[in-house]
Amino acid sequence: MRPVTDGSRVRLTFLGAAREVTGSCYLVETPDARFIVDCGMFQGGGNPGRRNRARFGFDPRGLDFVLLTHAHIDHSGLLPRLAAQGYTGPVYATPATCDLLQVMLVDAAHVQEKEAEWKSKSRARHRTAAEPLYTGAHALRALKLLQPVEYGATLEPHPAVRCVFRDAGHILGSAIIEAEVAAKGRKRKIVFSGDIGQSLRPLVRDPARVTEADALLVESTYGNRLHKSLDDTVRELEEAIGETISRKGGNVVVPAFAVGRTQELLYLLAELHRAGRLPRMDIYVDSPMALKATEVTLRHTRILDPEAAELLRWLRGNRAGPRIRFVQDLEESIGLHRVKSGALIISASGMCDAGRIKHHLRHNLARPECAILITGFQAANTLGRRIVDGAKEVRIFGIPVAVRARVYTIGGLSAHADQRGLLAWLGHFKRAPAHTFVVHGESGTADIFAAAVRKELKWRGVTVPQPRDRVEI
Ligand code: ZN
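Structure representation (structure tokens):
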């Protein structure tokens, strides 16, 4: 590795989430210290398999420590690979992130092992076994490295580095990281936004304000658009459920990510129920991982939005709450296929390309009295995307299924701030950071957002780094 040229400078390398939204990983180096912020998996287009298997842009054994903004796999998913390649130092994250990772990294390893098994079978004729990206044992090795850090506490992971984690309001445990890095007595404050949530969203708190930085890395996932308001979103949800359950007598099927989106939906449904705005119905959460993630959420009510904590107390002490059932075993899940009306079924995966949701779609999609509620982003080439795009027929497990159920797209539930939200968050800075790097956005989106920051906030020094770009500050 090339030494840092000027001893008093801090070098930043953008190893992932540069002009794209996955693979978050930033390397920070001084003559004394070397660490990364996030260690995310590449997902979606551009041959992610090859990129996830490529060598890290650093020697894992040469790192002093790792900081993690949150548990999403595109920020944490390569930690087991880092551990497999010899990293044995600490990985600092908030306590809720540490708990979520126990669920998510084990699941990610399971997915990798299954995929390798399936590939090996299809290659059996050539007698070459496919190696998984990592195994459950590697995931456990990574989990042992986790060190919880509370929001607001000062962490000194190295004599030359001090950091504070602040609530990013994105998912449970998500953090903005402020890092003060000293090189030859010269201190630089670098702020890593992580993923920034929307203000006034249910469950998690609003993103914490940050007021100064010498260098800022800011996400831009939705830097080119505006979300619907939460009130409009809740009204859409109420109308879709009322129309389907009360008027047509069908079921509502909701594909949703097991971590985050499912808990948010449960919160909104409980709130609608309390306000008397929901018909009588049974709510089923059919995903073992969603149950685990909900349990983790309930263990951390202390860091939830105060309104959410209040609602949970009401739910616990009130028999008139909505009927929510977490489905664990496969048999009960299959039993749901016989339910013809009055059920709202939340199941994973969120983009309908795997998991139990495919079975629920197979049994409800062709029935005009039913509804499918799309609540999250559907990537190209997924079953969810084909449904959103208005396909008249889709194939599920190779069988053609007509799309006769009504498809509702519920906007506004995004876990990311939109352009207005991001600009408002930046607006809390007392003065422009000397360097602002727009990251974690598709290329065009990041450019549009960078232009908006220059225009609206009159900031200079705003750039959109290329992958593997290296800067000294
Ligand atoms: Zn995220």
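Count along the sequence shown from 1, add 1051, and you get the number used in our numbering. Using N, Cα and C, we set each Cβ at its ideal position, and we do this for glycine too. Values in this document were obtained by computation on a predicted structure and should not be read as measured data.
Going by DSSP, what residues sit across from residue i in a beta bridge?
{"i": "residue 1514", "result": "1488"}
{"i": "residue 1241", "result": "1230, 1266"}
{"i": "residue 1085", "result": "1080"}
{"i": "residue 1067", "result": "1076"}
{"i": "residue 1216", "result": "1228"}
{"i": "residue 1222", "result": "According to DSSP, residue 1222 bridges with nothing at all."}
Assign residue i to one of three DSSP states: helix, strand, or coil.
{"i": "residue 1500", "result": "helix"}
{"i": "residue 1410", "result": "helix"}
{"i": "residue 1202", "result": "coil"}
{"i": "residue 1164", "result": "helix"}
{"i": "residue 1158", "result": "helix"}
{"i": "residue 1398", "result": "strand"}
{"i": "residue 1255", "result": "coil"}
{"i": "residue 1188", "result": "helix"}
{"i": "residue 1321", "result": "helix"}
{"i": "residue 1422", "result": "strand"}
{"i": "residue 1207", "result": "strand"}
{"i": "residue 1197", "result": "strand"}
{"i": "residue 1374", "result": "strand"}
{"i": "residue 1358", "result": "helix"}
{"i": "residue 1385", "result": "helix"}
{"i": "residue 1052", "result": "Residue confidence is low: residue 1052 scores 49 on pLDDT, short of 50, so the model does not pin down where it sits. Its coordinate-derived value is still stated next. If DSSP states are grouped into helix, strand and coil, residue 1052 belongs with coil."}
{"i": "residue 1339", "result": "helix"}
{"i": "residue 1404", "result": "coil"}
{"i": "residue 1523", "result": "strand"}
{"i": "residue 1060", "result": "coil"}
{"i": "residue 1333", "result": "strand"}
{"i": "residue 1305", "result": "strand"}
{"i": "residue 1248", "result": "coil"}
{"i": "residue 1348", "result": "helix"}
{"i": "residue 1380", "result": "coil"}
{"i": "residue 1171", "result": "helix"}
{"i": "residue 1416", "result": "coil"}
{"i": "residue 1494", "result": "helix"}
{"i": "residue 1148", "result": "helix"}
{"i": "residue 1328", "result": "coil"}
{"i": "residue 1179", "result": "coil"}
{"i": "residue 1368", "result": "helix"}
Among the options, which residue has its Cα nearest to the Cα of residue i?
{"i": "residue 1262", "options": "1184, 1476, 1278, 1323", "result": "1476"}
{"i": "residue 1197", "options": "1430, 1138, 1229", "result": "1138"}
{"i": "residue 1399", "options": "1110, 1370, 1449, 1311", "result": "1311"}
{"i": "residue 1067", "options": "1247, 1325, 1250, 1076", "result": "1076"}
{"i": "residue 1453", "options": "1459, 1461, 1444", "result": "1444"}
{"i": "residue 1423", "options": "1153, 1172, 1459", "result": "1459"}
{"i": "residue 1385", "options": "1338, 1132, 1348", "result": "1338"}
{"i": "residue 1468", "options": "1487, 1485, 1500", "result": "1500"}
{"i": "residue 1418", "options": "1365, 1390, 1136", "result": "1390"}
{"i": "residue 1284", "options": "1253, 1100, 1272", "result": "1253"}
{"i": "residue 1113", "options": "1426, 1085, 1383", "result": "1085"}
{"i": "residue 1471", "options": "1156, 1368, 1247, 1282", "result": "1247"}
{"i": "residue 1109", "options": "1123, 1136, 1128", "result": "1136"}
{"i": "residue 1321", "options": "1437, 1154, 1366", "result": "1366"}
{"i": "residue 1194", "options": "1355, 1286, 1270, 1144", "result": "1144"}
{"i": "residue 1412", "options": "1455, 1071, 1126", "result": "1455"}
{"i": "residue 1457", "options": "1327, 1490, 1296, 1433", "result": "1296"}
Using the Cβ count rule (16 or more neighbours within 10 Å means buried), how would you classify residue i?
{"i": "residue 1506", "result": "exposed"}
{"i": "residue 1119", "result": "buried"}
{"i": "residue 1225", "result": "buried"}
{"i": "residue 1052", "result": "Residue confidence for residue 1052 is low, a pLDDT of 49 falling below 50, so the modelled location carries little weight; the figure read from the coordinates is stated next. By the 10 Å Cβ count, residue 1052 comes out exposed."}
{"i": "residue 1451", "result": "exposed"}
{"i": "residue 1062", "result": "buried"}
{"i": "residue 1512", "result": "exposed"}
{"i": "residue 1479", "result": "exposed"}
{"i": "residue 1132", "result": "buried"}
{"i": "residue 1280", "result": "exposed"}
{"i": "residue 1448", "result": "exposed"}
{"i": "residue 1369", "result": "exposed"}
{"i": "residue 1441", "result": "exposed"}
{"i": "residue 1236", "result": "exposed"}
{"i": "residue 1244", "result": "buried"}
{"i": "residue 1172", "result": "exposed"}
Quiz item: In chain order, which continuous runs of the beta strand (DSSP E) of length 3 or greater are located wholly inside the stretch 1428–1474?
Solution: 1444–1447, 1450–1453, 1457–1460
Self-check item: Segments of 4+ residues assigned as alpha helix (DSSP H) that fall wholly inside the stretch 1272–1299
Solution: 1281–1292
Exercise. Mind listing, in chain order, the continuous beta strand (DSSP E) runs of no fewer than 3 residues lying wholly within the stretch 1089–1146?
Key: 1116–1118, 1142–1144
Quiz item: In chain order, what residues have a CB nearer than 7 Å to some heavy atom of the ligand ADP?
Solution: For the ligand ADP, the structure offers nothing, since it holds only the ligand ZN.
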